[in-house]
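K.L.:
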Amino acid sequence: MQLINNTLIGFIVGILGTSLGAIIALLFVHDNKKILSLILSFTAGIMLSIVTFDLIYEAIELSNIKMTSFGIFVGTIIVVFMENILYKLQINKNHNKFIKSGLLMAIAIAIHNIPEGLAIGSGFMFTSDMGFKLAIIISLHNLPEGIAMATPLKISGFKGVKIIIYSILAGIPTGIGAFFGTILGGISNSFIGLCFAIAAGTMLYITCGELIPNSKDIHNNRLAPVTLCLGFIIGIIIINIL
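Residue 62 in our numbering sits at position 16 of the sequence shown, and the numbers go up by one each step.
(1) Going by other Cβ atoms of all chains shown within 10 Å of its Cβ, with 16 needed for buried, is Glu107 buried or exposed?
(2) Quick one: give me the first and last residue of the alpha helix (DSSP H) that Glu129 is part of.
(3) In terms of residues, what are the limits of the alpha helix (DSSP H) holding Cys275?
(4) What are the boundary residues of the alpha helix (DSSP H) that Val59 is part of?
(5) CA-CA distance, Val272 and Phe278?
(6) Check whether the stretch 52-65 and the stretch 156-170 touch, using three or more Cβ-Cβ pairs below 8 Å as the test.
(7) Beta-carbon within less than 6 Å of Ile184's beta-carbon, same chain only, minus the 5 sequence neighbours each way: which residues are those?
(8) Short check: CB of Ile353 to CB of Ile102, under 8 Å?
(9) Only counting the same chain, and skipping five residues up and downstream in sequence, which positions put a Cβ closer than 6 Å to that of Phe237?
(10) Between which residues of its own chain and Asn140 is the CB-CB distance below 8 Å, once the five residues before and five after are set aside?
(11) Near Phe74, which residues of its chain fall below 8 Å by C-beta distance, leaving aside the five closest residues on each side in sequence?
(12) Cα separation between Ala270 and Tyr212?
(13) Is DSSP giving Asn266 helix, strand or coil here?
(14) Express the C-alpha separation of Gly117 and Phe226 in angstroms, rounding to a whole number.
(15) Within the stretch 148-198, note down every full beta strand (DSSP E) run reaching 3 residues or more, in order along the chain.
(16) Grab me the residues of Pro198's own chain with a C-beta within less than 6 Å of its C-beta, minus the 5 sequence neighbours each way, in chain order.
(17) In terms of residues, what are the limits of the alpha helix (DSSP H) holding Asn235?
(18) Suppose only complete runs of 4+ residues qualify. What are the alpha helix (DSSP H) ranges in the stretch 195-230, listed by chain order?
(19) Could you compute how far the alpha carbon of Ser65 sits from the alpha carbon of Phe178?
(20) Going by other Cβ atoms of all chains shown within 10 Å of its Cβ, with 16 needed for buried, is Val126 buried or exposed?
(21) Can you tell me the Cα-Cα spacing of Lys262 and Ile81, whole angstroms?
Below, the structure is given as structure tokens:
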């Protein structure tokens, strides 16, 4: 019964956080290019903060510098591989480039949600309080990631229902991770740290290679670097609160 409960909580946490972030993007993102540029740069700032002070920090704490560096490298290679697949599927040639950014972010979130699910499952095997605490933190943590995924998809003209479906799919791996986290119980911290490092690599590549350049392509806004820094600061505050 505990296995089923923990897995269900993992699914709910992953889907709820990412989907709420996507809904926020759908409600507030509109066609003004100047504002879109600022939203993308602001979101990129938050993502950079999460990668630097959350994912990489956790990866180092759970494993070590060498394994974290290796994981970041693996994460970037995964995104390059996925970019090549999207290119062969004509996503980048015949469609708006923001589709590629959104889909890559969805993939990165899905990868990132696996170690988060492992943490939830392992937490519940330690104590119920620890499991619920991690579940709440991770759910809130997924909000900006949902925004980062949904914003470029909304800009590219994706329907709201389709964006929500993608956000749900990106959240599902949390439940899978919680399932295995419960079964394995005291899973190796080094392995979870490696997973976080890989997730950091994917998000770092997408943020620097997709979100930031796209914010400049939409509108050469002088305020974009300011909102990028503001997003970075807000990200630090969010991490500190959680």
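Ideal placement from N, C-alpha and C gives every residue a C-beta, glycine not left out.
P.N.:
So, from the data block:
(1) For the purposes of this step, residue 107 is taken as the residue at position 61 of the sequence shown. Its Cβ having fewer than 16 others within 10 Å, Glu107 is exposed.
(2) Translated into positions along the sequence shown, residue 129 becomes position 83. Unbroken alpha helix (DSSP H) run through Glu129: 111-134.
(3) Translated into positions along the sequence shown, residue 275 becomes position 229. Note, Cys275: alpha helix (DSSP H), 270-287.
(4) Reading the sequence shown from its first residue, position 13 is the one you call residue 59. Run containing Val59: 48-74, per the alpha helix (DSSP H) assignment.
(5) Along the sequence shown, one-based indexing puts residue 272 at 226. Along the sequence shown, one-based indexing puts residue 278 at 232. So the alpha carbons of these two residues sit roughly 10 Å apart.
(6) yes
(7) Translated into positions along the sequence shown, residue 184 becomes position 138. Cβ neighbours of Ile184 beyond the five flanking positions: Val59, Glu162.
(8) Past the edges of the chain, shown from 47 to 288, lies residue 353, and the structure says nothing about it.
(9) Walking along the sequence shown from the start, residue 237 turns up at place 191. Closer than 6 Å at the Cβ level, and outside the excluded window around Phe237, lies no residue.
(10) Position 94 of the sequence shown holds residue 140. With a pLDDT of only 47 at Asn140, under 50, the local geometry of the prediction cannot be trusted, and no value is derived from it.
(11) Working through the sequence shown from its first residue, we reach residue 74 at position 28. So the list reads Ile85, once near-sequence residues are dropped.
(12) As a working note, residue 270 is residue 224 in the sequence shown. As a working note, residue 212 is residue 166 in the sequence shown. Going from the Cα of Ala270 to the Cα of Tyr212 covers about 27 Å.
(13) Mapped onto the sequence shown, residue 266 falls at position 220. Asn266: coil per DSSP, three-state reduction.
(14) Position 180 of the sequence shown, counting from 1, holds the residue named residue 226. Position 71 of the sequence shown, counting from 1, holds the residue named residue 117. Phe226 and Gly117: Cα-Cα distance of roughly 20 Å.
(15) none
(16) As a first step, residue 198 must be located in the sequence shown, where it is residue number 152. Within the same chain, Pro198 has close Cβ partners Phe144, Ser147, Gly148.
(17) Stepping through the sequence shown from its first residue, residue 235 is reached at position 189. Element bounds for Asn235: 235-252.
(18) 206-230
(19) Here residue 65 corresponds to residue number 19 of the sequence shown, with the count starting at 1. Here residue 178 corresponds to residue number 132 of the sequence shown, with the count starting at 1. Ser65 and Phe178: Cα-Cα distance of roughly 19 Å.
(20) Along the sequence shown, read from residue 1 onward, the residue named residue 126 stands at position 80. Burial call: exposed.
(21) Residue numbering aside, residue 262 sits at position 216 when the sequence shown is read from its first letter. Residue numbering aside, residue 81 sits at position 35 when the sequence shown is read from its first letter. C-alpha separation (whole angstroms): 12 Å.
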